[in-house]
Amino acid sequence: MVRVRFAPSPTGLLHIGNARMAVFNWLFARRHKGAFILRIEDTDVARSERKHMEQLMADLHWLGLTWQEGPDVGGPYGPYIQSERLHIYHDICRKFLHDGLAYRCYCTPEELEERRQVAKRTGKPPRYDNRCRNLTDEQNKAFETSGLNFTVRFKVPEEFLVFDDLIRGACQFDMSLVGDFVIMRSDGTPSFHFAVAVDDTLMQITHVIRGEDHLSNTPCHILLFHALNRKPPQFAHLSLTMGADRTLLSKRHGAFSLSEYRKLGYLPEALLNYMMLLGWAPKDKKERFKADDVIETFEISTMSKSSSVFDQQKLDWLSGQYLREAELERLTNLAIPYLQAAGFVSQDENTIDRAKLRLTVDTVRNNISCMSQIVQEVNIFFNDIVISENHIEFLSSETAQSILLSFYNEICKTNTLSPEIFKDTLKTVQKETKVTGKGLYLPIRVALTGREHGPELYGVAHILGIDTCKKRIERFLLVKK
RNA sequence: GCCCCCAUCGUCUAGUGGCCCAGGAUGCCAGGUUCUCAGCCUGGAGACAGGGGUUCAAAUCCCCUUGGGGGUACCA
């Protein structure tokens, strides 16, 4: 059975780059009818926070991902939070020490740093020189009794290590270039490498799907799997996602967090679709698809090896497509908080004119790429309009006045202003005034909205309703008198 | 510095030796849709990083260069 995991560290908001890793793990698990596991890697005590973990899970759920095992749902291989697994790492570390796979290192961070600098200056690889590996018994005893802090380092054999990456094929590393690395810090917490290998072993992970930034760490992990007596899982290193500036998308880019997109009112399925398009393309070349549509055909080996740039414009296009197709009722509900925040509709949802709201959302959905943008679009429907001096002058002209008057007389003959009636009305006005095109529409648009641009006029008139339309026209009929 | 990975339109990609003087999408430009912005429709410009090989034939295979990214921590 396939078992994969997404293992974020709760040190901030989940950004698109990491979320994408979760998506492909999830997709892979579904493709192979396996389990998707969420594990929280919070061994970096200084930067990890519980609220981040909760936010992260909420964001993932919002995206539509579900996991079979994790901190919130439990599972047979828990706990799923590394800070709650400390005793496990200690036990295994002790065993490593006992079996001679690891040793205590008494070098201080300052000493290490200095030696690194020296190595760099002399053009040598700045790796740990393994000096504590060969401490004599006397030296070890002396250190032990001195009560000095120590780390535990893993003995890295000097060998060539080759492994097959599902995406990149054969990758090989010369381990003589890698120093003995720390598996247990002096404060008793495990290092990332150690915790990962231990957890992936104990949690029976079969496939490790993660970012390419871990590629060079992989040989270290493989060594640890061997030490743990376990066949290493299969690896698949996905290309990374960059920002428009071609630097790695990171937590520093707050705007690229899942939470941010959620707040802006992007539809989760649109974002999910876009993320799947980064580094992968479906066989049929259709760019709009649901995860369900591609489950059967998804092959991780076909994923791109090169990194990709996150393209906000394409996301916006895709998001717009989804907005156009989404169920109106859903969009209306989604719109309400934004309109409330802008003061356009009441805080009390029961008093909101939903019919009008639905119509409004339906009219402007073509003009926006995420729901928060609705605020700029709908001002004219909820506020009294302000007409500039220029526009007053414009509407005072003889032709403008004749158009407005004709239009006014026509709408007085009816009691609703559906799009059809509006179009018929304009035809009549056109015949009467002999004005067509822009000359015909613009005066009415300006009188009705105070703007020269906006959504389709017939839609605007419909939402405004006949009474408001009359009132707004009346204001300018007075101009002439 | 050293190690590793990568390299097709601005961007995301299709392409696994002949179907490719390279296809799609987005973005951009133009025209259309009896108003505008947008949307939609139609059309257009736009790429195999460079140099060597291998081969009857190379975007596709090999080598070098260049460029980009990652790693080289008691971060993950």
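Numbering of the first sequence is given in the numbering used here, commencing with residue 793 and proceeding in unit increments. No residue lacks a Cβ here, since even glycine has one placed at the ideal position from N, Cα and C.
Residue 1033 - partner residues in DSSP beta bridges:
1100
Taking residue 1129 and residue 1192 to be in contact with their CB atoms under 8 angstroms, please state how far apart those CB atoms are, rounded to whole angstroms.
39 angstroms between Cβ atoms; not a contact.
Bridge partners - residue 1049, DSSP secondary structure assignment:
According to DSSP, residue 1049 bridges with 807.
Have a look at 928, 1007, 1048 and flag the residue whose alpha-carbon is nearest the alpha-carbon of residue 956.
1007
Cβ pair residue 885, residue 1014 closer than 9 angstroms
no
Alpha carbon to alpha carbon, how far is residue 1132 from residue 1016? Give it in angstroms, no decimals.
55 angstroms
Mind checking residue 810: buried by the 16 CB within 10 Å criterion, or exposed?
buried
Is the segment 1092-1103 touching the segment 1060-1079, taking contact as three or more C-beta pairs under 8 angstroms?
Yes: the two stretches touch, three or more of their Cβ pairs being nearer than 8 angstroms.
Beta carbon of residue 797, beta carbon of residue 828: below 9 angstroms?
yes
DSSP-derived helix/strand/coil call for residue 1244
coil
What is the DSSP secondary structure of residue 856, counted as helix, strand or coil?
coil
Once you ignore the five residues that flank residue 966 on each side, which residues in its own chain have a CB closer than 7 angstroms to its CB?
952
Using only the alpha-carbon positions, how far apart do residue 1005 and residue 816 sit?
Cα to Cα, the separation comes out at about 16 angstroms.
Less than 9 angstroms between the C-beta atoms of residue 999 and residue 1025, yes or no?
yes
For residue 848, which residues of its own chain have a beta-carbon under 7 angstroms away from its beta-carbon, when the five flanking residues on both sides are left out?
800, 802, 806
Would residue 1158 pass as a contact of residue 1116 if the rule is Cβ separation under 9 angstroms?
yes
Please list, in chain order, all residues of the same chain as residue 1198 whose beta carbon is under 6 angstroms from its beta carbon, the five residues on each side excluded.
1221, 1224, 1225
Check whether the segment 1050-1062 touches the segment 906-926, counting contact only when three or more Cβ pairs, one atom from each stretch, lie closer than 8 angstroms.
no
Starting from the Cα of residue 1250, find the closest Cα among 911, 887, 1233 and give me that residue.
1233
How would you call residue 1086, buried or exposed, if buried means at least 16 neighbouring beta carbons within 10 angstroms?
Residue 1086 counts as buried, since at least 16 other C-beta atoms from the protein chains shown sit within 10 angstroms of its C-beta.
In this structure, how does DSSP classify residue 1229 when only helix, strand and coil are distinguished?
helix
State the CB to CB distance for the pair residue 865 and residue 826, rounded to an integer number of angstroms; the pair is presumed to be in contact (CB under 8 angstroms).
The Cβ separation is near 16 angstroms, so there is no contact.
Whose CA, out of 1180, 1134, 1200, 911, lies closest to the CA of residue 1174?
1134
Under the assumption that residue 1012 contacts residue 970 (Cβ atoms under 8 angstroms), give the Cβ distance between them as a whole number of angstroms.
7 angstroms
Beta bridge counterpart(s) of residue 832 as assigned by DSSP
873
Decide if residue 1287 is buried, meaning its Cβ has at least 16 other Cβ atoms within 10 Å, or exposed.
Outside the modelled stretch of the chain, which goes from 793 to 1273, sits residue 1287, for which no answer is possible.
Can you name the residues that DSSP bridges to residue 1216?
DSSP lists no partner for residue 1216.
Using a Cβ-Cβ cutoff of less than 6 angstroms, which residues in the same chain neighbour residue 1265 once the five nearest sequence positions on both sides are dropped?
1196, 1200, 1239
First through last residue of the alpha helix (DSSP H) which encompasses residue 1156:
Per DSSP, the continuous alpha helix (DSSP H) segment holding residue 1156 begins and ends at 1146-1156.
Go ahead and pull the three-state DSSP assignment for residue 802.
coil
DSSP beta-bridge partners of residue 963
955
How many Å lie between residue 1269 and residue 1230 at the Cα?
Rounded to whole angstroms, residue 1269 to residue 1230 spans 20 angstroms at the Cα level.
Going by C-alpha to C-alpha distance, which of 843, 1256, 982 sits closest to residue 1214?
Shortest Cα-Cα distance from residue 1214 to any of 843, 1256, 982 involves 1256.
Own chain, CB closer than 6 angstroms to residue 1273, minus 5 neighbours either side, in chain order:
Legend: pLDDT at residue 1273 = 43, less than 50; position of this residue unreliable, no value from coordinates given.
Other residues of its chain near residue 1089: CB distance less than 8 angstroms, five sequence neighbours each side excluded:
Closer than 8 angstroms at the Cβ level, and outside the excluded window around residue 1089, lie 1074, 1075.
How would you label residue 1253, buried or exposed, when you count the other beta carbons within 10 angstroms and need 16 or more for buried?
buried
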